[in-house]
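Trainee:
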Amino acid sequence: MKKQTAWKLISDLLDWDEAELSSEMSAMQLLADLKYDRYQGFQPAAKFHIALINWLKQFSLVEQRRTAYDFLKERLIFISQKEMYHLVSLMMPAVERSMRRRISDELGIQFYQTWLNHEAEKKLKILLRKTLFVGLSDGARIDVFRRFNEGSVSNEQVVPYSEISGEKWEDLVKELRKSLDKKGFHNEPEKFDTVCLVDDFTGSGSSLIRYKNGEWKGKIKKFFEANHHRIGSELSSTCRIHVHHHLASDFAKNEISERIKSFAITHDKFGFDVTYSHVLPGNIVIDSDDTASDLCQLLIDHYDAKIEDEHVEDSVCFGYKGCGLPLVLDHNTPNNSVALLWAQSGDNVGVNHTMKPLFARRKRHSSDG
148 MKKQTAWKLI
158 SDLLDWDEAE
168 LSSEMSAMQL
178 LADLKYDRYQ
188 GFQPAAKFHI
198 ALINWLKQFS
208 LVEQRRTAYD
218 FLKERLIFIS
228 QKEMYHLVSL
238 MMPAVERSMR
248 RRISDELGIQ
258 FYQTWLNHEA
268 EKKLKILLRK
278 TLFVGLSDGA
288 RIDVFRRFNE
298 GSVSNEQVVP
308 YSEISGEKWE
318 DLVKELRKSL
328 DKKGFHNEPE
338 KFDTVCLVDD
348 FTGSGSSLIR
358 YKNGEWKGKI
368 KKFFEANHHR
378 IGSELSSTCR
388 IHVHHHLASD
398 FAKNEISERI
408 KSFAITHDKF
418 GFDVTYSHVL
428 PGNIVIDSDD
438 TASDLCQLLI
448 DHYDAKIEDE
458 HVEDSVCFGY
468 KGCGLPLVLD
478 HNTPNNSVAL
488 LWAQSGDNVG
498 VNHTMKPLFA
508 RRKRHSSDG
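Quick note on this note's numbering: the sequence shown kicks off at 148 and runs consecutively.
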């Protein structure tokens, strides 16, 4: 479908006059060209304006379509591939700052003095090489991180997956020994001092760490159980787990902080550090108390409860765990975002409303967050 034809249909659905059509088409088409058309969830050759037409058609009233369009125009946050790559580029500075704080405490100097102190700079070089970077998901962009830090991070200290075999650990330690000797650090033991677990996004913190039915679950718990026995061999006795997300909600940041504090009380073999490239502010959240009452009512009235499955504990009308995010990532839409953005009704009979997605979501695993 030609763009002009598509926008004429969109104009009819929204009851625009010529002035509105001219103004809105110009602004929205620019966003489509720069961002939305590149959404990886679209089918081959599909374009944003086609998805927008189908999405708007699910609303029976013009007022509802206008409310939906205003939500898209005024509140949607779409992270493009370039923007995500920029967030990846901010990871190393965040990790290094955390390392410098660790070194300043060890040497008993001020944080700023780590840039001026020769011993601190030496320790930073050693600590950086004795850090293992581990991807927690396909979205971690660990390959992009490696390219951004070519020369300062070697291929032998980057692992794209968290399940590391014993044979792989042996290879990593051998390469660490070679690298330390090459850099002149012959007296340094070939043990990793930091394991940096990397992921792209967290909306609720649940997939990383959660306490449910009397036990800890999540990616941190799995890594701990699989590797705590390596302390003293491949890992140093003071090894720390450093968790980094390229993007997080404010809610997730606070939840992760509290949960890790509790987890560390009974799992004290590792220390823990947490950093983020960017944290989304809390004021972007859409919930039942939102001042935009028309939008909230639209979300509630056009929700199909039959999209829920065994992996969600409650309604995802406002997103998984009620996170209420207006967020789309270039490669997928988080289930923490409001369902109206991503959900699609099945062929169920008697549904409250047949939902049609604007940015269809691909399920990566049982529950995101």
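Cβ coordinates follow ideal geometry from the N, Cα and C atoms, glycine included.
1. Let me know the beta strand (DSSP E) ranges lying completely inside the region 346-383, each 3 residues or longer, listed in chain order.
2. Tell me which same chain residues have a C-beta within less than 6 Å of the C-beta of residue 424, skipping the five on either side of it?
3. Within the region 316-341, note down every full beta strand (DSSP E) run reaching 3 residues or more, in order along the chain.
4. Between which two residues does the alpha helix (DSSP H) holding residue 501 run?
5. Determine contact between the region 463-472 and the region 430-441, defined as no fewer than three beta-carbon pairs at a distance below 8 Å.
6. Can you check DSSP and say which residues form a bridge with residue 391?
7. Can you give me the C-alpha to C-alpha distance between residue 365 and residue 371, rounded to a whole angstrom?
8. Please confirm if residue 301 has its CB atom under 7 Å from at least one CB of chain D.
9. Looking at the strands, I want to know which residues DSSP matches up with residue 306.
10. Is the region 246-253 touching the region 306-315 in the sense that three or more CB pairs, one from each, lie closer than 8 Å?
11. Whole angstroms is fine: what's the gap from residue 261's alpha carbon to residue 389's?
12. Which value, in whole angstroms, describes the spacing of the CA atoms of residue 499 and residue 446?
13. Residue 117 by DSSP, collapsed to three states: which one?
14. Taking all protein chains shown into account, do 16 or more other C-beta atoms lie within 10 angstroms of the C-beta of residue 412, making it buried, or fewer, making it exposed?
15. Can you look up residue 226 in the DSSP assignment and give me helix, strand or coil?
16. Of the residues 454, 406 and 245, which one's Cα is nearest the Cα of residue 356?
17. Which same chain residues end up closer than 6 Å to residue 230 when comparing Cβ atoms and leaving out the 5 residues on each side of it in sequence?
18. Can you tell which of 442, 282, 453 and 455 has the C-alpha that lies nearest to the C-alpha of residue 471?
19. Less than 7 Å between C-beta atoms, sequence neighbours within five positions excluded: which residues of the same chain meet that for residue 153?
20. Helix, strand or coil: how does DSSP classify residue 291 here?
21. Rounded to whole angstroms, what is the Cα-Cα separation between residue 456 and residue 179?
22. Find the nearest neighbour of residue 282 within the set 346, 322, 418 and 342, judged by alpha-carbon distance.
23. According to DSSP, is residue 427 part of a helix, a strand, or is it coil?
24. Counting pairs of Cβ atoms below 8 Å between the region 318-335 and the region 275-293, do you hit three or more?
25. Give the straight-line distance between the Cα atoms of residue 264 and residue 255, rounded to the nearest whole angstrom.
26. If we count the other Cβ atoms within 10 Å of its Cβ and call it buried at 16 or more, is residue 259 buried or exposed?
27. Identify the continuous beta strand (DSSP E) that holds residue 432 and give its terminal residues.
28. With DSSP run on the structure shown, which of helix, strand or coil describes residue 386?
29. Rounded to whole angstroms, what is the Cα-Cα separation between residue 513 and residue 334?
30. Just to confirm my understanding: we take residue 320, look at its own chain, exclude 5 residues before and 5 after, and list those with CB closer than 7 Å. What are they?
31. Out of 204, 157 and 352, state which residue places its alpha-carbon closest to the alpha-carbon of residue 400.
32. Under 7 Å between the Cβ atoms of residue 203 and residue 213?
33. With a cut-off of 8 Å on the beta carbons, I'd call residue 225 and residue 194 a contact; round off their distance for me.
Mentor: The short version:
1. Those beta strand (DSSP E) runs which fall completely within the region 346-383 and span 3+ residues are 357-359 and 362-364.
2. To locate residue 424, count along the sequence shown from 1; it is residue 277. Excluding positions up to five away in sequence, the list reads 234, 237, 238 and 393.
3. Those beta strand (DSSP E) runs which fall completely within the region 316-341 and span 3+ residues do not exist here.
4. Reading the sequence shown from its first residue, position 354 is the one you call residue 501. Segment: none, residue 501 is in no alpha helix (DSSP H) and carries neither H nor E.
5. Remark: three or more beta-carbon pairs, one from each stretch, lie closer than 8 Å, so the region 463-472 and the region 430-441 are flagged as touching.
6. In the sequence shown, counting from the first residue as 1, residue 391 sits at position 244. Partner(s): 345 and 422.
7. Indexing the sequence shown from 1 puts residue 365 at position 218. Indexing the sequence shown from 1 puts residue 371 at position 224. Between residue 365 and residue 371, the C-alpha separation is close to 10 Å.
8. The chain inventory of the structure shown lacks chain D, comprising one protein chain alone.
9. Indexing the sequence shown from 1 puts residue 306 at position 159. According to DSSP, residue 306 bridges with 281.
10. no
11. The count along the sequence shown starts at 1 and reaches residue 261 at position 114. The count along the sequence shown starts at 1 and reaches residue 389 at position 242. Distance from the CA of residue 261 to the CA of residue 389, rounded to the nearest whole angstrom, comes to 20 Å.
12. The residue you call residue 499 lines up with position 352 of the sequence shown. The residue you call residue 446 lines up with position 299 of the sequence shown. Straight-line Cα distance between these residues: approximately 12 Å.
13. Summary: the structure shown does not reach residue 117, with the chain confined to residues 148 through 516, and so no result is reported for it.
14. The residue labelled residue 412 in the question sits at position 265 within the sequence shown. So residue 412 counts as exposed.
15. As a working note, residue 226 is residue 79 in the sequence shown. Looking at residue 226 - three-state DSSP - the assignment turns out to be strand.
16. Along the sequence shown, one-based indexing puts residue 356 at 209. Nearest option by C-alpha distance: 406.
17. Residue 230 sits at position 83 when you count from the first residue of the sequence shown. Cβ within range, chain order: n/a, list empty.
18. Along the sequence shown, one-based indexing puts residue 471 at 324. Of the listed residues, the one whose Cα sits closest to residue 471 is 442.
19. Working through the sequence shown from its first residue, we reach residue 153 at position 6. By the criterion of a C-beta distance shorter than 7 Å, residue 153 is surrounded in its chain by 196, 197 and 200, once the five residues flanking it on both sides are discounted.
20. For the purposes of this step, residue 291 is identified with residue 144 of the sequence shown, where counting begins at 1. Of the three classes helix, strand and coil, the one that applies to residue 291 here is helix, per DSSP.
21. Taking the first residue of the sequence shown as 1, we reach residue 456 at position 309. Taking the first residue of the sequence shown as 1, we reach residue 179 at position 32. Rounded to the nearest angstrom, the two C-alpha atoms are 32 Å apart.
22. Counted from its first residue, the sequence shown places residue 282 at position 135. Measuring from the Cα of residue 282, the nearest candidate turns out to be 346.
23. The count along the sequence shown starts at 1 and reaches residue 427 at position 280. Residue state for residue 427 is assigned as strand, using DSSP reduced to three classes.
24. A contact exists between the region 318-335 and the region 275-293.
25. Taking the sequence shown and counting its residues from 1, the one referred to as residue 264 is at position 117. Taking the sequence shown and counting its residues from 1, the one referred to as residue 255 is at position 108. If you take the alpha carbons of residue 264 and residue 255, they lie about 11 Å apart.
26. The sequence position of residue 259 within the sequence shown is 112, counting from 1. That one is exposed.
27. For the purposes of this step, residue 432 is taken as residue 285 along the sequence shown, with counting starting at 1. DSSP places residue 432 in no beta strand (DSSP E); its state is neither H nor E.
28. Position 239 of the sequence shown, counted from the first residue, corresponds to residue 386. Reduced to three states, the DSSP call for residue 386 is strand.
29. Within the sequence shown, residue 513 is the residue found at index 366, counting from 1. Within the sequence shown, residue 334 is the residue found at index 187, counting from 1. Any reading at residue 513 is ruled out, since the residue's pLDDT is 42, under 50, leaving its predicted position unreliable.
30. In the sequence shown, the residue the question calls residue 320 occupies position 173. So the list reads 337 and 381, once near-sequence residues are dropped.
31. Sequence index remark: in the sequence shown, residue 400 carries index 253 (1-based). Of the candidates 204, 157 and 352, 352 places its Cα closest to the Cα of residue 400.
32. To locate residue 203, count along the sequence shown from 1; it is residue 56. To locate residue 213, count along the sequence shown from 1; it is residue 66. No, the pair does not count as a contact, with Cβ atoms beyond the cut-off.
33. Translated into positions along the sequence shown, residue 225 becomes position 78. Translated into positions along the sequence shown, residue 194 becomes position 47. With a Cβ gap of about 15 Å, residue 225 and residue 194 do not count as contacting.
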